[in-house]
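*Asks:* Position one of the sequence shown corresponds to residue 22 (the working numbering), numbered consecutively onward. Note that beta-carbon positions come from the ideal geometry of N, C-alpha and C, so glycine has one too. Quick one: structure below, then a few questions.
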Amino acid sequence: MINSIPIREEAGSKDVEKEKDFDFFYFVQQWPGAYCDTERSCCYPTTGKPEADFGIHGLWPNFNNGSYPADCDPNNPYNQSEISDLVSDMEKEWPTLSCPSNNGTKFWAHEWNKHGTCSEHVLDQYAYFQTNLDLKKKADFLNALKTAGIEPNGTFYSLDKIRDAIKSGIGYTPGITCNVDASGNCQLHEIYLCVDTCGSRLIECSLFPDGKCNSEIEFPSF
């Protein structure tokens, strides 16, 4: 049986352990339609409205007990000059939706500083961001869902059907988390996959976040 853990609050969690080693990564992508369709709303990046596709949220080291390391090396902060040739791909595959509108640097810096530094003994800064982009190619969630007849058009679908579609299309069981739109409807927000500690291979998850999903959830348009 796969265990469930409380979904992390990305802005405020401080469940930090001193040990920098970890047991696996979560690779997380978010659906922009769900991010934007809340009371908080969103702002498109300065490069324009992103494509209607899942975007990278991040690659997060985790422990098997449900905790995770964070902010492991303040002496190795985000340095965009080290990844300059990746930025154009990151703008497409890892767009920011936070307000006010910005170029994504703050989002990427947060992901590296909080999560990436905890894997720097495995992935340096360049490898961390390249690995995220490589995993995005392996995990085409939108195609997997559309192949199963699940379209982002505001329709409600069975949570089990969405999970099964991802498992069939990608080959691994996903974790799914939901948020609530401005009308109070439960909607598909993020999809989690697990990755080995080298960041190179998808693996089955031993535990998932508490997705806060109903049995039927909306797949909103974007």
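So, at 7 Å on beta carbons, what are the nonlocal neighbours of ILE77 in its own chain, with the 5 sequence-adjacent residues on each side left out?
*Replies:* GLN50, GLU114, TRP115, ASN153 and LYS157
*Asks:* Taking the alpha-carbon positions, what's the GLU112 to SER105 distance?
*Replies:* 11 Å
*Asks:* Quick one: complete alpha helix (DSSP H) runs, 4+ long, within the stretch 126-166?
*Replies:* As far as the stretch 126-166 is concerned, its whole alpha helix (DSSP H) runs of at least 4 residues are 126-135 and 146-159.
*Asks:* CB-CB under 6 Å to TYR56, same chain, minus the five flanking residues each way: which ones, in chain order?
*Replies:* CYS63 and LEU118
*Asks:* Can you round the beta-carbon distance between ASP74 and LEU163 to whole angstroms, since I take them to be within the 8 Å contact cut?
*Replies:* 5 Å
*Asks:* What does the alpha-carbon distance come out to for the pair TRP133 and ILE238?
*Replies:* 31 Å
*Asks:* At which residues does the alpha helix (DSSP H) containing SER179 begin and terminate?
*Replies:* Segment 176-179 is the beta strand (DSSP E) holding SER179; no alpha helix (DSSP H) there.
*Asks:* Thinking LYS135 and ASP202 are a contact (beta carbons under 8 Å), I'd like their distance in whole angstroms, please.
*Replies:* About 27 Å separates the two Cβ atoms, so there is no contact after all.
*Asks:* Return the chain-ordered ranges of every beta strand (DSSP E) run that is complete within the stretch 43-103 and spans a minimum of 3 residues.
*Replies:* 45-51 and 76-83
*Asks:* Quick one: does the C-beta of ASN100 sit closer than 7 Å to a heavy atom of the ligand MN?
*Replies:* Among the ligands in the structure shown, none appear at all, so the ligand MN cannot be discussed.
*Asks:* Could you check whether PHE243 and GLY54 sit closer than 8 Å to each other, using their CB atoms as the reference points?
*Replies:* yes
*Asks:* Give me whichever residues DSSP pairs with ASN200 in a beta bridge.
*Replies:* GLN208
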